[in-house]
Each structure stands twice: as C-alpha cells, then as structure tokens.
Amino acid sequence: MTDATIFSVVQLGKYPATRARGQEGRARLDDLLEGRAGLDLTIDFSGVEVMNISFADEFLGKFLTSHDFSASSATVRVAGLNADNRYSVLVCVERRKTAVAVLEVDGSVSLLGDPILGMTFEVARDLIEFKASDVGAKLNLTPQNANNRLKRLVDVGALRKSQILGSARGGKEFAYSVATPPEGGSTLSPAQRALAGGSTRP
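When the letters of the sequence shown are read in order and numbered with our numbering, they come out as residues 11 to 212.
Structure, rendered in structure tokens:
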C-alpha cells in the first residue's frame, strides 16, 4: 500500500536563495521519510517564483543523493516547475550525477538528469508495469543491462519494484512500475507545520 504525500516548497519562501534555507527544507523531507514505507512523495514547487542553484542543490540535490529510495519502496517526483526553477533542478541533478522524475503540467511524467536513464524511463513510462526483459526488448539490451538501468531508476525514486513470487526462472525476479501521479494526497502547509510544533508529518 502506498502513501501519497505532497510537500509544498513555497512554505520555504517564494524566493528561496540560501543553503541554510535549503538545509532546513531538506531536514523536513528527511523527517517525512523516517519510518515510512511505500511513500509516494511529490515535491511541489508551485508558487516558488525563482530559486537559485545553491538552494536547489542543498534542498533537492543532497536529498536525492543521501537516500536509497529502493530501501523503503519510496518514489519521488517534483512538480510545479517554471522554466527558471526547472533549469536550477536540471543543473543540480546533472552536477550530482543523479536524476529526478518530473510531473509535467499535462499530467505526464518525464525524467531530468542522466540522458540514458531518461531514455530508459520513457520506455518504462509507456509500459507502466513491466519486467527487465520487457525494457530490454524495447531498447535492444540484455535483461541484465536493462535491470541495471532499472535499479538506478528505483534507487532515485523514479520507479518502484516488487518481487515476483513463484517465478519459474529461478532466483529473484522483479516487476517494476511507474508510480501514478496522485490526484490528492496530504499536503504539508505552513499552518499544519505550526500546529505540529514544526514537524513535517501530516
């Protein structure tokens, strides 16, 4: 069972521009993940007019690289990006050699970062639910090479995987899926945060 949660970045300000503010926001995200499995986290930048790369790196870049999202079956996406903020996110994920799923305004999901992973994610997105061999067939890869790419996408929270029970192939076999963008979900507003005494838990 998954738990859809939306973190509203505008609670950190419309023009967040310091590493200190980024560290503050990242601590809230870390607290949000603690002890929770199957989290579908949307980091929503709606209302943020502009952020600089220092804030984006401290807040998002370090958050993405400090967690193995596969360990808690979590997925992560960003949403509500304007052109300036999208550029800041792109720079920080490229510098840190990672990637992040992006919920676009039309409801589709893309990937910012490593172009090879981006191509793999496009295939995964179209398949919705699949095995490594399905992606391998689409990209002319061996199942092992496809699985290596999919593992990286799971690690950054772009995909979720589950073990196939009773597989006839022997050993462990996994099914992968792209998390469906939430229609709702609990949103962490500044008012809720104040009532919780600063906690980011909904």
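Each residue gets a CB set at the ideal place from its N, CA and C atoms; glycine is no exception.
Asked, Found
"Candidates 145, 59 and 79, of which the one nearest residue 98 by Cα", "59"
"8 Å Cβ cutoff met for residue 131 and residue 151", "no"
"Residue 111 vs residue 119 beta-carbon contact at 8 Å", "yes"
"When 133, 45, 88 and 64 are compared against residue 16, the one with the closest alpha-carbon", "88"
"Nearest-angstrom Cα separation, counted from residue 186 out to residue 154", "14 Å"
"Coarse secondary structure for residue 123, derived from DSSP in three states", "strand"
"Alpha-carbon to alpha-carbon, residue 128 and residue 54", "21 Å"
"Through-space distance from residue 126 to residue 12, alpha-carbon basis", "28 Å"
"Buried or exposed (CB count within 10 angstroms, at least 16 for buried), residue 219", "With the chain running from 11 to 212 in the structure shown, residue 219 is simply not present."
"Counterpart residues of residue 173 in DSSP-defined beta bridges", "184"
"Burial state of residue 157, where buried means 16 or more other Cβ atoms lie within 10 Å", "buried"
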